[in-house]
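Protein sequences appear in the order of chains A, B, C and D. For the first sequence, this note's numbering begins at 2 and goes up steadily by one. For the second sequence, this note's numbering begins at 2 and goes up steadily by one. For the third sequence, this note's numbering begins at 2 and goes up steadily by one. For the fourth sequence, this note's numbering begins at 2 and goes up steadily by one. To start, the structure under review is shown below, and the notes come after it.
Protein chains: 4
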Amino acid sequence: MTSARPLRADAARNRRLLLAAAADEFAERGLAASVADIARRAGLGKGTLFRHFATKDDLLAAIVLDRIGELNAVGEQLLDAAEPGAALLEFLTIAADHQQQRDLSFLQEAGELNAEVTRAREQMFRTVHKLVDRAREHGDVRADVTGADVILLMCAPNHVTSYVPDAPPDLWRRYLAIIFDGLRPEGAHPLPHPSPAVP
Amino acid sequence: MTSARPLRADAARNRRLLLAAAADEFAERGLAASVADIARRAGLGKGTLFRHFATKDDLLAAIVLDRIGELNAVGEQLLDAAEPGAALLEFLTIAADHQQQRDLSFLQEAGELNAEVTRAREQMFRTVHKLVDRAREHGDVRADVTGADVILLMCAPNHVTSYVPDAPPDLWRRYLAIIFDGLRPEGAHPLPHPSPAVP
Amino acid sequence: MTSARPLRADAARNRRLLLAAAADEFAERGLAASVADIARRAGLGKGTLFRHFATKDDLLAAIVLDRIGELNAVGEQLLDAAEPGAALLEFLTIAADHQQQRDLSFLQEAGELNAEVTRAREQMFRTVHKLVDRAREHGDVRADVTGADVILLMCAPNHVTSYVPDAPPDLWRRYLAIIFDGLRPEGAHPLPHPSPAVP
Amino acid sequence: MTSARPLRADAARNRRLLLAAAADEFAERGLAASVADIARRAGLGKGTLFRHFATKDDLLAAIVLDRIGELNAVGEQLLDAAEPGAALLEFLTIAADHQQQRDLSFLQEAGELNAEVTRAREQMFRTVHKLVDRAREHGDVRADVTGADVILLMCAPNHVTSYVPDAPPDLWRRYLAIIFDGLRPEGAHPLPHPSPAVP
DNA sequence: GATGAATGAGTTTTCATTCAT
DNA sequence: CATGAATGAAAACTCATTCAT
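Structure representation (structure tokens):
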């Protein structure tokens, strides 16, 4: 689905170089990063970049797809964990940590990319729903919280710390903790609006 | 400070049109929105925009300054409120509501704009610090939460709902409630990272 | 010809203010000077400027016309002078001095302006031709030199010094002297090209 | 210094096309010529011009550098000529002829461009000083004339003919002859102002 | 296959000129 | 009449994408 035949060894290497360079460049300059800079950072020509990714958006989609895939894999593993609440917290922790390792706030800037990304995203969302359902059933999160809520709140810790210049690399943990406390059943106040359906 | 002499009636109207169009356009396309599109949306010529705001950044700064000013005014009034916890929640509610009326997530994209904006921002931040201090001393928010935390979390409800395609206009209230529950003393778990100093 | 009825007193004052401001501004910034700056320097509105001069070029033409008129007047007076050679040298000296008092190199930047300017210019040229003819007949300039030659060389002293940053105000006299020595009969070498017909 | 590695064959051709088109366009319209017109005249896209010359000023600097380099080379060769006066005249003749082939009066409009141009210009000026010194010592030019004078007068023949609408291509020779006669010792009148130090 | 030169639509900004106040 | 706000056609420059080498 992603590729018909496997790439030649050097082509695969170039693809990796490009993805890494693009992630770095996007992290530093947001989506405004130029393909020329990305190619230069990868040590390759612009033409090569376009051979691998027909479009700047395709390149972005490839990165997003990677991240989503990794995240979904983590989530699926955690579905079998013994303590559902701890599993959900760990999922969110790993998600935020992944984001933090390479500042991926730019991922949010990206709107609709393509069908493949949409499919992967929905798959990952389903996994989150399952994690949340288990945690709720186990009484680890409040009864009125849904998978959709967690999906929406998932990126908030990283987003929030992105406003701190030179933020310490683990600052997001503080805000994940606060938000997760807000998801717990203890001391929960009724929510003023129903959960959205969509994600 | 803002203007030497009052604008002519029609010029004032155009200034308002431009600010509104710019806020809308920035909301839809982020800071990448073009001044040409903003002018077209305002039903005015590009030159008129330039006459009012010498620079795209000046236009952005004017919007940001407006919002920050409104918000600070609200905050200062609430400093005298009887119940500090309720006052803080109301401040956050009004802040988010203001943001919601025109999606202002783009405000965050703006880095350093100019000295006036910086000053206004710091003023507003000081007000938030005071609101939080009062609420904390009154036992309405957890002891380990600071003004900086609230400043950072302040925009999260709107940001979070911006991922929902056709979000109902009050959806942010749900996430503000969850986050505010996370700030309450009841059921608080210790935070894994100290609060940042900066904002 | 220049105007049907005489200007009202204040209108005439504004016209003078504008011409003076324009001459100064053109002198400092060349033809790139903006009408807005000229109007501001005159202490008047842009609209007033355009009421007096329908076009930036018209404004320039008015200045040029002034200068040419003054110069022609000087030339005509000198036609009656006793020593034709000295008269020609004085004409060139006065011409260069006029140019120097307000740096008028910008006058050269101006191409064809309008019929009135062209007519005045031709009138002035005729005067120069007469001055040169008299000097030649009197043996004060070489036999192979024409009025056209002098017209062309007339601006060279000022032009040449314009390359010297912070040139002393009388430097042009040095180059006028050199060029005028080149026009004298003594030590003249035959000229390799016939004089042009046109100016 | 000029280039790290040699340009690809077609790129080198385009660079030449751009330089030629720019020189023509500048000659016709002065520095106000637009890069779009230059590119169009070269039969290339605007982007191509930008790729070769990052800035309009860079393009101008490249032209100026070319001309100055050629001129200096000519001058240095003539330093060894047997007759210093004839050598100086030939230098001025070649300089004017170069200028004439492409009207380069716009070169003078260019102020400070960059360090490289400044250096080349100073080098060329030193060469002129040497040519003039030799000619003066040999009695071929008047005793009170300096290298600076010749540098300033060097462009006058071309400048002067630029006022003649369809000037014959060799008309400048006439004015170079007149000016050079002014530089000769025979019939020289004392100069009314000392030579400038600068160029 | 890889490279980087070429392209031109699009961006911000400037400014002569028009016209409502 | 005077004013300065509005206008839009350029201008310089950027950059995703194509294509010759």
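Every residue gets a Cβ at the ideal spot worked out from N, C-alpha and C, and that includes glycine. In this text the structure is predicted, and so the values were computed from the model without any measurement.
Secondary structure at B/T56, three-state DSSP: helix, strand or coil? coil
Nearest candidate by alpha-carbon position, reference C/A157, set C/L93, C/Q124 and C/H130: C/L93
Distance cutoff 7 Å, beta carbons only. Does A/T3 sit that close to anything in chain B? Low local confidence applies: a pLDDT of 48 at A/T3 is under 50, so the model's placement there is unreliable, and no value is given.
Counting only C-beta atoms, is C/L153 closer than 7 Å to chain D at any point? yes
Can you name, in chain order, every residue of its own chain whose Cβ lies under 6 Å from the Cβ of D/A75, other than the five neighbours on each side? Here the sequence assigns Val to residue 75 of chain D, which means Ala is not the residue at that position. Counting only Cβ-Cβ distances below 6 Å, and skipping sequence neighbours, we find I95.
Taking a contact to mean a Cβ-Cβ separation below 7 Å, would you say A/I152 touches A/F126 in this structure? yes
What did DSSP end up calling A/D150 once you bin it into helix, strand or coil? helix
Of all Cβ atoms in chain C, is any one closer than 7 Å to the Cβ of D/I95? no
For a test of the three-state rule: what should DSSP assign to A/E29, helix, strand or coil? helix
So which residues on chain C does D/D171 lean against when the C-beta distance must stay under 7 Å? H194
Within 10 angstroms of the Cβ of B/A22, are there 16 or more other Cβ atoms? Answer buried if so, exposed if not. buried
From what residue to what residue does the alpha helix (DSSP H) around B/H130 run? A116 to E138
Along the chain, where does the alpha helix (DSSP H) containing D/H160 start, and where does it finish? A157 to T162
In three-state DSSP terms, what is B/H194? coil
Touching by the beta-carbon criterion (3+ pairs, under 8 Å), the segment 154–171 of chain D and the segment 133–144 of chain C: no
Does chain C have any CB closer than 7 Å to the CB of D/A22? no
Where C/E113 sits in the DSSP three-state scheme: coil
Residues in its own chain within less than 6 Å of A/Q100 by CB, not counting five upstream and five downstream? N159
Same chain, Cβ closer than 7 Å to B/E91, neighbours up to 5 away in sequence not counted: L79
CB contact check: D/E187 to chain C, cutoff 7 Å: yes
Does DSSP classify A/D167 as helix, strand or coil? coil
Can you say whether D/T162 is buried or exposed, counting buried as having 16 or more other CB atoms within 10 angstroms of its CB? buried
With a threshold of 8 Å on Cβ separation, who are the neighbours of B/E77 within its own chain once the five nearest residues in sequence on each side are excluded? T128
Could you check what DSSP says for C/S4 in three-state terms: helix, strand or coil? At C/S4, the pLDDT of 49 sits below 50, so the modelled position is not reliable; the number obtained from the coordinates is stated separately. In the structure shown, C/S4 sits in coil (DSSP, three-state: anything other than H, G, I, E or B).
Using a Cβ-Cβ distance cut-off of 7 Å, determine whether D/I69 contacts chain C. no
In this structure, how does DSSP classify C/D182 when only helix, strand and coil are distinguished? helix
Near D/E84, what residues of its chain come up, given a Cβ to Cβ distance below 8 Å and the 5 sequence neighbours on each side ignored? H139 and D141
Test: C/G201 CB closer than 7 Å to a CB of chain D: Residue numbering for chain C in the displayed model covers 2 to 200; residue 201 of chain C lies beyond these limits and cannot be assessed.
Hey, is A/P197's beta-carbon within less than 7 Å of any beta-carbon in chain B? yes
Determine the DSSP secondary structure at D/A22, reduced to helix, strand or coil. helix
Please compile the residues from chain B whose C-beta is within a distance smaller than 7 Å of the C-beta of A/D141. Near A/D141 there are no residues of chain B at all, since even the closest Cβ is about 12 Å away, more than 7 Å.
Determine, using beta carbons only, whether A/A178 comes closer than 7 Å to chain B. yes
Per-residue contacts from D/H130 into chain C (C-beta, under 9 Å): The premise fails here: D/H130 is roughly 15 Å from chain C at the closest Cβ pair, so nothing lies under 9 Å.
Buried or exposed by the 16-neighbour rule on C-beta atoms within 10 Å, applied to A/R16: buried
With three or more beta-carbon pairs closer than 8 Å as the criterion, would you say the segment 172–186 of chain B touches the segment 182–189 of chain A? yes
Using a cut-off of 7 Å between C-beta atoms, extract the partners of A/H99 located in chain B. Ordered by position in chain B, no residue passes the 7 Å Cβ test against A/H99, which lies about 17 Å from the chain.
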